[in-house]
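Chemist: Just so you know, we're using the working numbering here: the sequence shown kicks off at -11 and counts up by one.
Each residue gets a CB set at the ideal place from its N, CA and C atoms; glycine is no exception.
Mind looking over this structure? Questions follow.
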Amino acid sequence: MALGFLKSGKQNGGAGFGGKSLPGRAAVLGEVEELGIGMFWATDAEGRLSFLSQRALADLDLPADALIGKPLSQVFSEIEAEPGAPQQRAIGFKIKARSRIEEHVVALAAGKPGAEEGTRWWRLNGRPLVDARGNFLGYRGSAVDITSQYAHEMQVARQSQVDELTGLANRRKLGERLTAMLAAFRVSQRSCALMMLDLDRFKHVNDTMGHPAGDDLLRQVAERLKGIVKDNGEVGRLGGDEFQVLLPDMDDRGVLGELANRIVQSLSQPYQINGRRAIIGTSVGIAIAPYDGIDAPELTSAADMALYAAKETRGGTFCFFTSELRDAASKTAELGDRLRDAVDRGELKLAYQPLVDPVTNQVRCFEALLRWHDEDEGAVSPADFIPIAENDNLIIRIGEMALRQACNDALQWPESIHVAVNVSAKQFTRPGFCKSVAQVLEITGLPPARLELEITESVFVGDIEEVDAIFRDLKKLGVRLALDDFGTGYSSLGYLKNGHFDKLKIDQSFVRGCTENGDTNPAIITAIVALAKALGMVTVAEGVEAMDELGLVRDRGADLVQGYVYSPAIFQEEVLDKFADGTMLVEPSGPPRHRSERITIFRKVGLIHEDHYYNVILRNLSKTGARITGLAGVPVGTDVVLDLGHGQLVVSRVVNASESSQGLKFETSLISDGSGGFMTRHRISPYSLAEAGIPLAALGAGAFPLAKWRAAHKSPPAFIQLDLGV
Ligand code: C2E
Ligand code: CA
Ligand code: CA
């Protein structure tokens, strides 16, 4: 019932939640609360408590200002699980992932010390709220005080090992089993897999068909799970719609993937409940001891992270834990925090890269590119931090700052020189963008025709009519528009014909290496230039580094060239210094020919031959083989071991070889990792490493510790290690 209430809030964009703008609703809210049905809470986009209803405050016997503004994860503490029992996922984690909060039990410190020593237990439900443009606004949720039942339930649960509803092992039993199993297996060096399951859309069934139907559904899910897992493992229910499967002596990721897939398939088949049909989905996260964790908390958190990754991809799928998941999640969160601080402190700077006429070597325009120097990380690329800012409203602040700064700086250049500013799709489609551009132009006094906005094809999603309207408004202002990274996106030519764009920037991927033999890129460049000319657009070739590339793009008719061959992006002081004489000429300089070894899109991996360890670059990877570069003098027929990282060793044979590149065929095929990549079926066990003298404790989440092994083995290498240049 409380949820139906929230739904109506959502339809109205949630603006009136809390009763501010809709007094009628406030009254209903009060009535619902008085009936003792529930209490309500809300957070802002940063996860801080922004609203707590009257009854909730009364329940805690605390003044509002003691709680409002505090991070939710601070107000609501996680309940302490039984020793060894897997924890429910922390609420802070859920908020970060912006996933729904469902039946999450938390503890709160109340004002009045009482029978429960001042602690109340609430069961929370909440959902993330987004506006029409997909901006995250915060959480809206309800709560029920379960303090009196909770103490009793805890008591019962403590004594019981069985989940009453499904008859499966309960959280407590699973926790004990996992802890005991891992301790025993550590001694006997056995492996064990943990699958974490979370049903998709279960809440929906529960709400629309009623709780008894939900219970029935959970029982059927339990039956199906038991039917698939059979004697191979133990199935349990953690609570709510979360299940777990414990599989001893299982480390074959091929078999596990198949099992997970069967679970996903089976649970997604329709259910019959009281003569009605219901469909739900499920996501599965998989972690394997000892590779992904050696004790219960470690393995559980690994499986949890994999589950979140599975849910994030698209739901209805499975995902294996990899240490990249952990690294990526923590790195992104950390970088986001640092970025926010850097923006607050004004540490982001703009640099300017010239766009040059390749015939006259005259600068026509400068593109503003953000530069961020982090104390610890060093220079962080905008290609890394812009996507992080885009997850957040931070991009709006950064974008407006860049626009203002660039317009100001441009005023110090000769009047004929344009300034180009990158605009992220999120910034572009936000209401009021056009107005903010107009404002900046007015404040700075820059003539609109000198400003170019660089936009990528990614703005052409969603409501195209709306996007068109933004374009028309911007054109009315008199600013110029450039289509950036042309050729990388959807590459639909439809939106070129509508005449919005003044300039088309040919993506670097077509330009770099365009002079290599037999390359189709020159033909593509020619075609794009011709098309752009026909539609009256100026063309820019991006990422030109070598003199031969410059020659080619000039001959093919590119109007402007942007690339290291003329200049990288430089700070405003240097711009003013360099062009102090006002001629705006810049001489090209660079390597005479494009050097293909500088393509760095590939992954660095290891290669073991005899007792030597080499670094190589993986050029491509298939299930059955790979191409590597970075070594010279490797004869065909050589047996080697490819180290793909994290214990993934692949026995391979060199089947063809040129001077610096080799084709490898794998002894055993790789398997797919569920998300488009490949992985090895088995990994080399940390136990074998321990036997080789590398202690388990040395096994961090990071790289496979072969470096140590390498240091201990020092015979002369058989192959020549080339400089990888990355
Ligand atoms: P972009 O708009 O395609 O910018 C061109 C990128 O290519 C810049 O990278 C530039 O330094 C690099 N580049 C230019 N010439 C060469 C060359 O000859 N060789 C090579 N290897 N690279 C070259 P940067 O500065 O790292 O920026 C990366 C991306 O970050 C930009 O790609 C743009 O999408 C985004 N970005 C940068 N500044 C902003 C900004 O103020 N707002 C927004 N929304 N995005 C920005
Ligand atoms: Ca750009
Ligand atoms: Ca570009």
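Among PRO556, TYR552 and GLU403, which residue has its Cα nearest to the Cα of MET535?
Modeler: The count along the sequence shown starts at 1 and reaches residue 535 at position 547. For MET535, the nearest C-alpha among the options comes from TYR552.
Chemist: Going straight from the alpha carbon of THR310 to that of PHE28, what length do you get?
Modeler: Taking the first residue of the sequence shown as position 1, residue 310 is located at position 322. Taking the first residue of the sequence shown as position 1, residue 28 is located at position 40. For THR310 and PHE28, the distance between alpha carbons rounds to 38 angstroms.
Chemist: Using a threshold of 8 angstroms, state whether the C-beta atoms of LYS191 and ARG86 are closer than that.
Modeler: By one-based count along the sequence shown, residue 191 stands at place 203. By one-based count along the sequence shown, residue 86 stands at place 98. No; because the gap between Cβ atoms is not below 8 angstroms, this pair is not in contact.
Chemist: I need the straight-line Cα distance from GLY7 to ALA30, nearest angstrom please.
Modeler: Here residue 7 refers to the residue found at position 19 when the sequence shown is read from its first residue. Here residue 30 refers to the residue found at position 42 when the sequence shown is read from its first residue. Reliability of the predicted coordinates at GLY7 is poor, the pLDDT of 37 falling under 50, and the value obtained from them is presented with this limitation in mind. Going by the C-alpha atoms only, they are around 12 angstroms apart.
Chemist: Within 10 angstroms of the Cβ of SER179, are there 16 or more other Cβ atoms? Answer buried if so, exposed if not.
Modeler: Stepping through the sequence shown from its first residue, residue 179 is reached at position 191. Classification for SER179: buried.
Chemist: Under 8 angstroms between the Cβ atoms of GLN232 and MET183?
Modeler: Counting from one through the sequence shown, the residue named residue 232 turns up at place 244. Counting from one through the sequence shown, the residue named residue 183 turns up at place 195. Contact flag set, yes.
Chemist: By Cβ distance, which residues of its chain are closer than 8 angstroms to TRP360, with the 5 residues on each side in sequence left out?
Modeler: Position 372 of the sequence shown, counted from the start, is the residue given in the question as residue 360. Closer than 8 angstroms at the Cβ level, and outside the excluded window around TRP360, lie LEU327, ALA330, GLU335, LEU336, LYS337, ALA367, VAL368, PRO370 and PHE373.
Chemist: Mark VAL175 as exposed unless 16 or more other C-beta atoms lie within 10 angstroms of its C-beta, in which case mark it buried.
Modeler: Stepping through the sequence shown from its first residue, residue 175 is reached at position 187. Under this definition VAL175 is an exposed residue.
Chemist: Grab me the residues of ALA413's own chain with a C-beta within less than 7 angstroms of its C-beta, minus the 5 sequence neighbours each way, in chain order.
Modeler: As a first step, residue 413 must be located in the sequence shown, where it is residue number 425. Result list for ALA413: THR444, SER446 and VAL447, in chain order.
Chemist: Locate the alpha helix (DSSP H) running through ARG615, then write down its first and last residues.
Modeler: For the purposes of this step, residue 615 is taken as the residue at position 627 of the sequence shown. No alpha helix (DSSP H) contains ARG615, which is instead part of the beta strand (DSSP E) from 613 to 617.
Chemist: For ARG160, count neighbouring C-beta atoms within 10 Å of its own C-beta (all shown protein chains included) and say buried if the count is 16 or more, exposed if not.
Modeler: Position 172 of the sequence shown, counted from the start, is the residue given in the question as residue 160. Buried, because 16 or more other Cβ atoms sit within 10 Å of the Cβ of ARG160.
Chemist: With 16 as the cutoff for other CB atoms within 10 Å, does ASP495 come out buried or exposed?
Modeler: Residue 495 sits at position 507 when you count from the first residue of the sequence shown. By the 10 Å Cβ count, ASP495 comes out buried.
Chemist: How would the residue list near ligand 1 read, in chain order, if you kept each one whose beta-carbon is closer than 5 angstroms to any heavy atom?
Modeler: Qualifying residues come out as LEU357, LEU358, SER369, PRO370, ALA371, ILE374, ALA390, ASN410, SER412, GLY531, GLU533, GLY551 and TYR552.
Chemist: Who are the Cβ neighbours of ARG500 in its own chain at under 6 angstroms, not counting the five residues just before and after it?
Modeler: What you label residue 500 is simply residue 512 of the sequence shown in a count that begins at 1. For ARG500, where only same-chain residues beyond five positions count, the Cβ hits under 6 angstroms are GLY531.
Chemist: Shortest alpha-carbon distance to VAL425 belongs to which of PHE64, PHE459, ARG189 and PRO402?
Modeler: Numbered from 1 along the sequence shown, position 437 holds the residue referred to as residue 425. Among PHE64, PHE459, ARG189 and PRO402, the Cα nearest to that of VAL425 belongs to PHE459.
Chemist: Are the Cβ atoms of MET723 and ALA181 separated by less than 8 angstroms?
Modeler: Residue 723 lies beyond the residue range present for the chain, which begins at -11 and ends at 714; the question has no answer from this structure.
Chemist: Applying the criterion that 16 or more other CB atoms from any shown protein chain within 10 Å of the CB defines a buried residue, is GLU655 buried or exposed?
Modeler: In the sequence shown, residue 655 corresponds to position 667, counting from 1. With fewer than 16 Cβ atoms within 10 Å of its Cβ, GLU655 is classed as exposed.
Chemist: Rounded to whole angstroms, what is the Cα-Cα separation between LEU684 and LEU234?
Modeler: Locating residue 684 in the sequence shown gives position 696, where the first residue counts as 1. Locating residue 234 in the sequence shown gives position 246, where the first residue counts as 1. Confidence at LEU684 is low in this model, with a pLDDT of 40, below 50, so its placement is unreliable and the value that follows should be read with caution. So the alpha carbons of these two residues sit roughly 23 angstroms apart.
Chemist: Can you tell me whether CYS395 is helix, strand or coil according to DSSP?
Modeler: Sequence index remark: in the sequence shown, residue 395 carries index 407 (1-based). If DSSP states are grouped into helix, strand and coil, CYS395 belongs with the helices.
Chemist: Is the beta carbon of ARG352 closer than 8 angstroms to that of VAL344?
Modeler: Counting from 1 along the sequence shown, the entry for residue 344 is found at position 356. Counting from 1 along the sequence shown, the entry for residue 352 is found at position 364. Yes, the Cβ-Cβ distance between VAL344 and ARG352 is below 8 angstroms.
Chemist: Kindly indicate which residue of ALA210, GLU355, PRO704 and VAL252 has the alpha-carbon position closest to the one of HIS597.
Modeler: Counted from its first residue, the sequence shown places residue 597 at position 609. Cα-wise, what sits closest to HIS597 is PRO704.
Chemist: Considering Cα atoms alone, identify which of ALA78, GLN650 and ASP599 is closest to VAL624.
Modeler: By one-based count along the sequence shown, residue 624 stands at place 636. Comparing Cα positions, the closest option is GLN650.
Chemist: With DSSP as the reference, label GLU66 as helix, strand or coil.
Modeler: Taking the first residue of the sequence shown as 1, we reach residue 66 at position 78. Strand.
Chemist: For the 8 angstroms Cβ check, are there 3 or more pairs between the segment 285 to 293 and the segment 259 to 269?
Modeler: Short answer: they don't touch.
Chemist: State the DSSP-derived secondary structure class of GLU335, mapped to helix, strand or coil.
Modeler: Taking the sequence shown and counting its residues from 1, one reaches residue 335 at position 347. If DSSP states are grouped into helix, strand and coil, GLU335 belongs with coil.
Chemist: According to DSSP, is PRO704 part of a helix, a strand, or is it coil?
Modeler: Position 716 of the sequence shown, counting from 1, holds the residue named residue 704. In the structure shown, PRO704 sits in coil (DSSP, three-state: anything other than H, G, I, E or B).
Chemist: Measuring straight from C-alpha to C-alpha, what distance separates GLU246 and ALA298?
Modeler: Here residue 246 corresponds to residue number 258 of the sequence shown, with the count starting at 1. Here residue 298 corresponds to residue number 310 of the sequence shown, with the count starting at 1. Their Cα atoms are separated by approximately 15 angstroms.
Chemist: If ARG111 sits next to LEU96, beta carbons under 8 angstroms apart, how far is it from one beta carbon to the other, in whole angstroms?
Modeler: Along the sequence shown, read from residue 1 onward, the residue named residue 111 stands at position 123. Along the sequence shown, read from residue 1 onward, the residue named residue 96 stands at position 108. Not really, about 12 angstroms apart at Cβ, beyond 8 angstroms.
Chemist: Figure out for me which residue from ALA437, LEU519 and VAL272 has the closest Cα to the Cα of ALA398.
Modeler: Within the sequence shown, residue 398 is the residue found at index 410, counting from 1. Checking every option, the nearest Cα to that of ALA398 belongs to ALA437.
Chemist: Check whether the segment 537 to 547 touches the segment 518 to 529, counting contact only when three or more Cβ pairs, one atom from each stretch, lie closer than 8 angstroms.
Modeler: The segment 537 to 547 is in contact with the segment 518 to 529.
Chemist: DSSP state of ILE596, grouped into three classes?
Modeler: Taking the first residue of the sequence shown as position 1, residue 596 is located at position 608. DSSP places ILE596 in strand when its eight states are reduced to three.
Chemist: Between ASP490 and ligand 2, is the CB less than 7 angstroms from at least one heavy atom?
Modeler: Position 502 of the sequence shown, counting from 1, holds the residue named residue 490. Checking the Cβ of ASP490 against ligand 2 gives no.
Chemist: Give me, in chain order, the residues of the same chain whose beta-carbon lies closer than 8 angstroms to that of ILE659; leave out the 5 immediate sequence neighbours on both sides.
Modeler: Walking along the sequence shown from the start, residue 659 turns up at place 671. Closer than 8 angstroms at Cβ, skipping near neighbours: ARG241, GLY242, GLY245, LYS611, PHE666, MET667, THR668 and ARG669.
Chemist: On a Cα-Cα basis, can you pick out the residue from VAL209, LEU166 and MET197 that is closest to LEU187?
Modeler: The sequence position of residue 187 within the sequence shown is 199, counting from 1. Nearest C-alpha to LEU187: VAL209.
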